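Residue numbers (my numbering): 31 to 410.
We put the beta carbon where it would ideally sit given N, CA and C, even for glycine.
Predicted, not measured: the structure shown is a model, and the values here were computed from it.
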Amino acid sequence: MTSRERVIRTLNRQPTDRMPIDLGCHYSTGISAFAYWNLRRHLGLATDHITIPDVVQFLARVDEDVLERFHCDCMLLHSGWPQTARWRPRDDYEFVVPAAFRPQRSADGEWSIQQTRPDGTVARMRMPAGGFFFDGSWLSDWHGCSDQEWLAATAREAERIYKDTDYATMYIGFGAYFSEDPDWLCKMLTNPDELIESNRQSCRRDIEQAGRVLDAMGPYIQAVCINADMGLQTGPFCRPSLMEQITAPFIKQLCDFIHRHSDCKVFHHCCGSIKPLIPMLIDCGVDVLNPVQISADNMDPRELKAEFADRIVFWGGGCDTQNVLAVRSPSEVSESVRGLIDVFKPGGGFVFNQVHNIMGDVPPENIVAMLDTAYEESWY
């Protein structure tokens with residue numbers, strides 16, 4: 031099978047030759063630019079043109095030579111920055127960034143950057159000396175063109191991926207009508223009608239945008255991603271009954287629209303301990319769950335597989351990034367990956383990926399061990 035065929039059949043829970051493997055198709059399935067620089071050097075590959083599509087998490091775009099090396103089946107849908115610059119945060123690490131990204135360094139080695147928002151407020155984010163990503167406000171307006179121009183450029187890249195490669199890809203760009211902001215969470219109890227009305231308006235805008243997305247690139251993408259972290263390490267942010275009232279109706283409306291107007295699946299990125307919410311997400315029409323945070327409470331892989339594998343695809347959960355990938359030996363990483371694949375792979379409906387992004391301090395030997403083991407164990 032081609033990679034795209036393999037992914038499509040997996041998303042439909044149909045038999046495949048092997049489980050698909052992903053590294054970097056989503057901004058939560060990728061790799062820190064620092065870890066990626068180290069990995070490329072470890073593999074004997076050039077490090078002089080590593081591009082950063084996400085400057086907050088500071089993730090690298092995974093190049094085709096690395097995708098091929100590890101038998102990956104998916105590619106990030108990002109058209110590239112219209113104008114670029116080069117940035118060296120420290121040592122030999124140098125990266126290609128959007129031209130508008132110009133961090134300033136303080137006397138103590140901290141990097142910071144700020145943007146003035148349309149309402150006149152100033153937002154700032156920072157990377158401490160020796161850090162691997164930015165914290166603070168999530169600054170994202172880096173493309174320097176209109177939303178219509180950016181959508182057109184993204185559509186051209188989706189068509190290129192479809193026609194010139196065998197990779198699967200997805201459109202990333204919708205929320206899921208939930209916020210972990212404390213004020214928002216309090217309003218779930220004190221003023222749910224306000225949140226319902228806000229979500230209704232957001233959903234109306236999202237459906238209009240989804241129509242534009244599907245018109246522009248629907249035949250070329252395999253999934254549409256929605257994002258909202260609904261779980262803590264210990265459980266959901268709120269009672270499922272509140273989510274069913276305030277959030278679920280609008281996820282369902284967006285899922286229904288996407289399913290009616292395309293063959294795309296709905297990929298939901300949702301971190302944390304969310305097992306009590308999975309039945310609700312399935313009922314809403316969510317097809318794919320990521321990152322499958324098996325290190326959170328009540329997220330036992332065997333229980334997840336037994337209870338939900340016939341109704342939802344697991345995209346992630348293949349390696350514990352909190353307790354294994356960064357801190358164990360390569361052989362221990364391989365052993366852990368092998369055990370998790372033994373759980374998730376049978377019967378299909380599983381795309382291999384580590385739990386969330388590979389952090390900047392993960393040794394390249396461990397990354398190689400994880401991905402090589404995934405390929406070795408991928409065949410049915």
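Helix, strand or coil, according to DSSP, for Gln239 in the structure here?
Here Gln239 sits in helix by DSSP.
So does the region 272-292 actually touch the region 254-262, counting three or more Cβ pairs closer than 8 Å?
Result yes; three or more Cβ-Cβ pairs closer than 8 Å.
Would you call Tyr57 buried or exposed, if buried means 16 or more other Cβ atoms sit within 10 Å of its Cβ?
Under this definition Tyr57 is a buried residue.
Counted within 10 angstroms of its Cβ, other Cβ atoms place Cys102 as buried (16 or more) or exposed
Here Cys102 is buried: its Cβ has 16 or more other Cβ atoms, across all protein chains shown, within 10 Å.
Once you ignore the five residues that flank Pro119 on each side, which residues in its own chain have a CB closer than 6 Å to its CB?
Result list for Pro119: empty, nothing under 6 Å.
How big is the Cα-Cα spacing for Pro45 and Met31?
Rounded to the nearest angstrom, the two C-alpha atoms are 11 Å apart.
Residues in the same chain with beta-carbon distance under 7 Å from Arg242, minus the five sequence neighbours each way, listed in chain order, please.
Closer than 7 Å at Cβ, skipping near neighbours: Leu181.
Tell me whether Cys175 is buried or exposed, calling it buried when 16 or more other Cβ atoms sit within 10 Å of its Cβ.
Label assigned to Cys175: exposed.
If Phe382 sits next to Asp47, beta carbons under 8 Å apart, how far is it from one beta carbon to the other, in whole angstroms?
That belief does not hold up - the Cβ atoms of Phe382 and Asp47 are roughly 14 Å apart, past 8 Å.
From the DSSP output, read off the bridge partner residues of Gln252.
In DSSP, Gln252 forms no bridge with anything.
Alpha-carbon to alpha-carbon, Ser109 and Ala129:
Rounded to whole angstroms, Ala129 to Ser109 spans 15 Å at the Cα level.
Rounded separation between Asp416 and Arg99 - CA only
Because the chain spans 31 through 410 in this model, residue 416 falls outside it and cannot be assessed.
Got a sec, what are the start and stop residues for the beta strand (DSSP E) Ala115 sits in?
Note, Ala115: beta strand (DSSP E), Thr114 to Arg120.
Distance, Cα to Cα, Asp402 vs Lys295?
Between Asp402 and Lys295, the C-alpha separation is close to 28 Å.
Three or more beta-carbon pairs under 8 Å between the region 319-335 and the region 350-370, yes or no?
At 8 Å Cβ cutoff, the stretches touch.
Identified DSSP bridge partners for Leu215
Bridge partners of Leu215: none, in fact.
Hey, Val127 and Ile82: beta-carbon distance below 8 Å or not?
Ile82 is positioned such that its CB atom lies closer than 8 Å to that of Val127.
Return the CA-CA distance between Ile304 and Pro148, expressed in angstroms with no decimal places.
Taking the Cα positions, Ile304 is about 35 Å away from Pro148.
Using a beta-carbon distance below 8 Å, is Gly346 in contact with chain C?
Checking the listed chains, one finds no chain C in this structure; it contains a single protein chain.
Indicate whether the contact test is met: 3 or more Cβ pairs, each with one atom in the region 390-408 and one in the region 354-373, closer than 8 Å.
Contact between the region 390-408 and the region 354-373 is present, because at least three Cβ pairs lie under 8 Å.
What are the start and end residues of the alpha helix (DSSP H) that includes Arg156?
Run containing Arg156: none in the alpha helix (DSSP H); it sits in the beta strand (DSSP E), Val152 to Met157.
Pull up the distance between the alpha-carbon of Gly302 and that of Gly346, whole angstroms please.
Their backbone Cα atoms lie some 13 Å apart in a straight line.
Please list the terminal residues of the continuous beta strand (DSSP E) segment that includes Val343.
Segment Val343 to Trp345, the beta strand (DSSP E) holding Val343.
Just to confirm the assignment, what range does the beta strand (DSSP E) spanning Leu319 have?
Residue range Val318 to Asn320 is occupied by the beta strand (DSSP E) that includes Leu319.
Assuming Val357 and Val318 are in contact, meaning their beta carbons sit under 8 Å apart, how far apart are those beta carbons, in whole angstroms?
Between Val357 and Val318 the beta-carbon gap is near 29 Å, outside 8 Å, which marks them as no contact.
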